[in-house]
Amino acid sequence: RFAAAPDERVNAVALVSTLFPQLPRADMRSFRLAFAVGVAIIVGLALIGFYPIALASAAVLVPLLMVLYLWDVDIYEDEPLTTLGATMLWGALAGILYGWLVGNLPGATGFGRSNLTSILVPGIGQPIVEGALMLAGPLLLLRWKRFNDVLDGATFGAASAVSFSGAHLIVQALPIFGAGLRPAGDALPWIVQLLSLGVLQPVIAAGAVGSFAAALWLRYRSPVNDRNALGVLGQPAGALVGALVLLIAAALAKTLLTLIPQTLVLAIIAVVALLWLRRVLHLGLLQESREIGVAREMRCPNCGLMTPEHTFCGQCGISLRALPRSRRAPAPDAPSAAKAD
């Protein structure tokens, strides 16, 4: 069972509970609804021909939900500016700069596929550079000992990756805005392309970069006994190879395949990336739960019932560390530390 959602298995394909694992059950339902509404808006805008607006909506959908998630759960309330700046802000700025540089390469067309004759640059070189840029911001936080869990690395990497992807897409697609609000084109190919750009590609980036960042935290910040918990993919070298395989495979699919086969391949890669990230998050949640000592009773924000404040809720089974710290409040009649003294 998945530590953040005991009603789901670890090896389940579940987008919201994987990208936003530290949400109570009620908030997770709200995020699922928000994601569904966002997808519906994108599809609706494409159906009526407002392709540039639909494209902008696709670019900001997952990054916006990530910002709302980090704000809602308030995971890093002690260092909010540092963590958000080194992840979301860095990813957005790097994506903007990188998108501008790529758009000015000889033969680049901006939005869509490149005219470069060789597959080496767009299919292999660019995803390596993109992965390095996505990871650079989170790496600044690795030296901070207070961020000492696998879950920290996975969160930082995934947040940076989705903001980079969204910002890069907007800059890359700027030329299409010059064609007006309703450029020519069939709606169906646009819808498929928009869902690929707005959902599949950010998920691939988040899974690859988040899982690799988690491997670095596992090696350099986690307890020694946990360092082999993820096998080869938990080692930095193995995780690096795995992340590069995902990013390069996605880039080659976009470079070599037509729209429908490309989207199917990207969907398969996104599932693999999501499952990898999900197993990493499960380990991180178990690690953080073990750090909690039994000190008092609390009301579980997930199910609303009383449980000892320890590793997991005794009623619904959720990892208590998977819940925002601000919501892990003691019961109203629980004695405080000051009264106990």
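To convert, note that position 163 of the sequence shown is 179 in my numbering; the numbers rise steadily by one, no gaps.
Heads up, the beta-carbon is just placed ideally off N, CA and C, and yes, glycines get one too.
Look at F18 here: in three-state DSSP terms it is strand. Annotation: the continuous alpha helix (DSSP H) that includes R235 extends over Q217 to Y236.
Ranked by Cα distance from M150, the options D88, E24, V29 and L260 are led by L260. In the three-state reduction of the DSSP assignment, P79 falls in the helix class. The alpha-carbon separation between G60 and L71 amounts to approximately 12 Å. Between P218 and V32, the CB-CB gap reaches or exceeds 8 Å. One thing to note: H184 has its Cβ no nearer than 8 Å to the Cβ of G101. In the displayed model, R48 falls within a helix according to three-state DSSP. Ranking F36, L35 and R41 by CA distance to the CA of P22 puts R41 first. Scanning its chain for C-beta atoms nearer than 7 Å, with the 5 sequence neighbours on each side dropped, one finds around L275 the residues P205, V208 and Q209, in chain order. By the CB criterion at 8 Å, I264 and P143 fall inside the cutoff. Under the three-state reduction of DSSP, R315 is assigned to strand. Cβ-Cβ distances below 6 Å link A175 to M82, T103 and M104 in the same chain, with the five nearest sequence neighbours on each side left out; the list follows chain order. Taking C-beta separations shorter than 8 Å and ignoring five residues to either side along the sequence, the partners of A267 in its chain run P138, G139, I140, Q142 and P143, following chain order.
Collapsing the DSSP output to three states places T274 in coil. L273 and V225 have their C-alpha atoms spaced approximately 24 Å apart.
Per DSSP, reduced to three states, the secondary structure at P40 is coil, with no helix or strand assignment. For P143, the enclosing alpha helix (DSSP H) starts and ends at Q142 to L155.
The beta carbon of S212 sits closer than 6 Å to those of T279 and L282, all from its chain and outside the five residues before and after it, given in chain order. The Cβ-Cβ distance between L155 and F163 does not fall below 8 Å.
Exclusion of the five residues before and after S227 leaves A170, G173, L249, A255, G258, A259, A289, W292, L293 and V296 as the residues of its chain whose Cβ lies within less than 8 Å of its Cβ.
Within a 10 Å sphere around the beta-carbon of I220 sit 16 or more other beta-carbons, which makes this residue buried. The C-beta separation of L35 from A222 comes to about 6 Å, placing the pair in contact by the 8 Å criterion.
Taking the Cα positions, L234 is about 34 Å away from I135. G107 and S179 do touch by the CB rule: their CB atoms are close to 3 Å apart, below 8 Å.
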